[in-house]
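Chemist: Can you read through this structure? Questions will come right after.
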Amino acid sequence: MAAAARRTGAARAHALWFRCDLRLDDHPALHAACEGAEALVPVYVFDPAKHNVPTLAGARKSGARRSRFLLESVACLRRQLESKGSGLAVALGRPEEVLPGLCGGCQRTFATQGVCTEERAEEARVAKRLPGGELKKLWGGTLYMPEECGCNPKGAPLLFTAFKNRAEGRGRICEPLEAPRRLPPLPSPEAAEAGEQLREALRFLPTLQQLGYPAEEAEAALEDDPRGVMPFEGGEVAGLQRLQSWMFDSDKLREYFEIRNGMLGEGYSSKFSPWLAHGCISPRRVWKEAQRYERERVKNKSTYWLIFELTWRDFFVYMGWGQGSKLFVPGGITGDKTPWKGTKEALECWKEGRTGDPLVDANMIELKTTGWMSNRGRQNVASYLIFDLGVDWRYGAAHFEELLLDYDPCSNWGNWVAAAGLTGQRVNRFNTKKQLNDYDPRREYVDHWLKRRSTRTVILKAAAEAGEEAGGKVGGKASGKAGGKDGGKGSGKAGGKAGGAGFKTRLCAFWQKGTCGKGSACRFAHGEQELAPGKGGAEAAAGKGAAADPGGAEGPVSQQIFLMGMPQGASSQQAQALVGQYGIVKSCQALGAGAGAQESAFLLELSSVQEAKWLRENLDGSIPPGFSAKVSVRYANVPGAAAAGPQTPGPVQSASTSNRFSPYGAGAGAG
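So the sequence shown is numbered by this note's numbering: it starts at 2 and just counts up by one.
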């Protein structure tokens, strides 16, 4: 509280209960509370029930990262209020238990109206406990006011186009209210009924641990993952700075329509949503600044589209207002009774980013580590959970509620119920493989999140190196025998080299596609001229030294084999689909249950050593505790090789807590 803040024991005092409206700019309830007040008590209550408490399927009301953003926002609000001659009383507890004490002696208490069922029930409990049983609620936080777009709890359209046409056709957007230059003073703690309670509340701000988070999680939440799109700092000041920097300083609004489907970097979208969700900035202020941009810079499809997205946000607010509890039940708005058949294991794989689908996994890992996910990503992961895994859509919504920095109930649950096709409107099912090719064709996004150096990567690298060694041994044994039979001298040694390192006995498949970046270091030929007999090639052609290519025109010398462990009961189709999405699997052979009957093993035959080597070097997978990753080389069309069977190195044990082996990212740059 500012030292210069005035104190008064004025009789006419008002209270303002801040909720998801943590700003001074464009705040109708603040203006109403100031009107006629000789003293003002601004209050914010941290309700423990909204933080580290369980909800659905292992999710929580809020993770520590979003609670950190909230704490920053409340701290900023306090500084803003103090700069206006006021302060902010902060308490920890249930609002209906805390507010009557802090607001004792206030003639009226004001708040921004809640929309969804929980928020409205909370208002009713608070009003019941306040002196006189009245809580003065004012609408705020939308672009269009209810009376301006013809909406009410029973009359909001369920079709976005109808809502947009009504809002744009008959509605007008009100000018945002400027922040008051000065606020009524705080009541003197000596004169106020709250007394010492108010004095303490004006200094109090809880820690993450006081909100119920374990020390380790609280500490981790204070650090930003460097891979994130940008650091997010809560508060009105940071929100308005983002508005200025994105719209004007970097001039990103000019090209917003063209870049809005990006997933990597800070500029592809406005990223105003965390500040909008906490009420740190107003959608009407965004609209007003966009109008200024159109006057000063350019008016184009991008400037329209930014307001179009804010209209979408309004649509979900009015949907939540009108549909009430239907937004949170299994059957959604339509009341559909179809049972969900997805498993708990499938849900956990989705949450942890280990489904085997690179686009889904990259987005889920980004969400888990940063609290952010692009709009494109959200649509894809929701569709995948609902339609590919068959999991109850509410479990996805609850997971998003826990982790998203920009969570608000209407946008989150409204989007999820729509994604599940439970609003009675069109259902959009996304093909994640096509979406990956369309929106991340060079795999920059999935590589950014999935090609990380970690314990799992080291484990898989060790398995790959063991596979190279095994390849040399197999080459020396099988190909050497064949070479000797054909009249070669010392062919075992040369054959070992051919099997382990590989001579340029055929063209590089990736070079033919124009995607091999290894140049002369590539093990395979970049052009017919590199296939001309050299030392190794001549000996191979003559049947001397190095093993000849027994496959000839019929096929390559070898195919790469991955021996992959998956949870027991997994099918060959599942194992092949995990890698087959990249189009490089020739066959998949189930070998049955592994040790302890905890896993099923599969041999996956890839189409070329070169492709497999790239995949093996670039994948980042997850191996469950006790499972093994083995890599081996099997020779095709080599006399004696079939009888010998595939040679495999010993298992590489993992300390990972994940439970699926997930290769990622064949595509551009592979070679």
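Beta carbons are placed, not taken as given, at the ideal position from N, Cα and C, and that holds for glycine.
Around the Cβ of residue 1, are there at least 16 other Cβ atoms within 10 angstroms (buried) or fewer (exposed)?
Modeler: This structure gives no information on residue 1, because the portion of the chain shown stretches from 2 to 672.
Chemist: Mark residue 316 as exposed unless 16 or more other C-beta atoms lie within 10 angstroms of its C-beta, in which case mark it buried.
Modeler: Buried, by the Cβ-count rule.
Chemist: Below 8 Å, how does it come out for the region 124-131 and the region 141-159: are there three or more Cβ pairs, yes or no?
Modeler: The answer is no - the region 141-159 does not touch the region 124-131, with fewer than three Cβ pairs under 8 Å.
Chemist: Which of the three DSSP states is assigned to residue 45 in this structure?
Modeler: Residue 45 falls in the strand class under three-state DSSP.
Chemist: Could you tell me which of 283, 219, 232 and 291 sits nearest to residue 252, measuring between CA atoms?
Modeler: Considering only alpha carbons, the answer is 291.
Chemist: When you compare only the Cα positions, how much space is there between residue 111 and residue 259?
Modeler: Looking at the two C-alpha atoms, the distance is approximately 42 Å.
Chemist: So is residue 114 buried or exposed if we call it buried at 16+ other beta carbons inside 10 Å?
Modeler: The residue in question, residue 114, is buried, as its Cβ has 16 or more Cβ neighbours within 10 Å.
Chemist: When DSSP builds the beta bridges, which residues end up paired with residue 19?
Modeler: In DSSP, residue 19 forms a bridge with 45.
Chemist: What three-state label does DSSP hand residue 198 in the structure shown?
Modeler: Looking at residue 198 - three-state DSSP - the assignment turns out to be helix.
Chemist: When you compare only the Cα positions, how much space is there between residue 60 and residue 36?
Modeler: C-alpha separation (whole angstroms): 42 Å.
Chemist: Tell me the residue span of the alpha helix (DSSP H) that contains residue 339.
Modeler: Careful: residue 339 lies outside any alpha helix (DSSP H) and carries neither H nor E.
Chemist: Excluding sequence positions up to five away, which residues of its chain have a Cβ less than 7 Å from the Cβ of residue 430?
Modeler: So the list reads 384 and 388, once near-sequence residues are dropped.
Chemist: How many Å lie between residue 376 and residue 262 at the Cα?
Modeler: Roughly 7 Å between the two C-alpha positions.
Chemist: According to DSSP, what are the bridge partners of residue 113?
Modeler: For residue 113, which the question treats as bridged, DSSP gives the partners 139.
Chemist: My guess is that residue 720 and residue 116 are in contact by the Cβ rule of under 8 Å, so how many angstroms apart are they, rounded?
Modeler: Limits of the chain in this structure are 2 at one end and 672 at the other, which puts residue 720 out of reach.
Chemist: Quick one: residues in its chain with C-beta nearer than 6 Å to the C-beta of residue 19, no 5 flanking neighbours on either side, listed in chain order?
Modeler: Around residue 19: 45.
Chemist: Which residues share a DSSP beta bridge with residue 92?
Modeler: Answer is 46.
Chemist: If we call anything under 8 Å between Cβ atoms a contact, is residue 24 one with residue 237?
Modeler: Yes; because the gap between Cβ atoms is below 8 Å, this pair is in contact.
Chemist: Quick one: what's got a C-beta closer than 8 Å to residue 404's C-beta in the same chain, skipping five residues either side?
Modeler: If we look at residue 404 and ignore the five residues flanking it on each side, its Cβ neighbours are 64, 66, 67, 368, 369 and 372.
Chemist: To the nearest angstrom, report how far apart residue 103 and residue 331 are at their CA atoms.
Modeler: Each residue's Cα considered, the two are about 39 Å apart.
Chemist: Helix, strand or coil: which one does DSSP assign to residue 589?
Modeler: Looking at residue 589 - three-state DSSP - the assignment turns out to be strand.
Chemist: Is it buried or exposed for residue 337, if we count other Cβ within 10 angstroms and need 16 for buried?
Modeler: Residue 337 should be labelled exposed.
Chemist: Specify the secondary structure class of residue 398 as computed by DSSP and reduced to three states.
Modeler: In this structure, residue 398 counts as helix in the three-state DSSP scheme.
Chemist: By the 10 Å Cβ neighbour count, where 16 or more other Cβ atoms means buried, how is residue 79 classified, buried or exposed?
Modeler: Result: buried.
Chemist: Spatial neighbours of residue 205 within its chain, please: CB distance less than 6 Å, with the 5 preceding and 5 following residues excluded, ordered by chain position.
Modeler: Same-chain partners within the cutoff: 91.
Chemist: What would DSSP say about residue 687, mapped onto helix, strand or coil?
Modeler: In this structure the chain extends from 2 to 672, so residue 687 is not present and cannot be described.
Chemist: Per DSSP, what kind of secondary structure is residue 25 in: helix, strand or coil?
Modeler: Here residue 25 sits in coil by DSSP.
Chemist: Would you call residue 439 buried or exposed, if buried means 16 or more other Cβ atoms sit within 10 Å of its Cβ?
Modeler: Classification for residue 439: exposed.
Chemist: Return the chain-ordered ranges of every alpha helix (DSSP H) run that is complete within the region 267-332 and spans a minimum of 4 residues.
Modeler: Runs of the alpha helix (DSSP H) inside the region 267-332: 274-278, 284-297 and 302-324.
Chemist: Might you give, ordered along the chain, the residues of its own chain that have their beta carbon closer than 8 Å to the beta carbon of residue 174, omitting 5 neighbours on each side?
Modeler: Counting only Cβ-Cβ distances below 8 Å, and skipping sequence neighbours, we find 144, 145, 149, 285 and 288.
Chemist: Indicate whether residue 254 and residue 304 have their beta-carbon atoms separated by less than 8 Å.
Modeler: For residue 254 and residue 304, yes; Cβs fall inside 8 Å.
Chemist: Distance check for residue 197 and residue 93, CA to CA, integer angstroms please.
Modeler: Taking the straight line joining both Cα atoms gives about 16 Å.
Chemist: Run through DSSP, which three-state label would residue 212 get?
Modeler: The answer is coil: DSSP assigns residue 212 none of H, G, I, E or B.
Chemist: Bridge partners for residue 682 per DSSP, in chain order?
Modeler: For residue 682 there is no data in the structure shown, the boundaries of the chain being 2 and 672.
Chemist: Terminal residues of the continuous alpha helix (DSSP H) containing residue 380?
Modeler: First-last of the alpha helix (DSSP H) with residue 380: 376-384.
Chemist: Grab the span of the alpha helix (DSSP H) containing residue 361 for me, first residue to last.
Modeler: 359-371 is the span of the alpha helix (DSSP H), which, as asked, contains residue 361.
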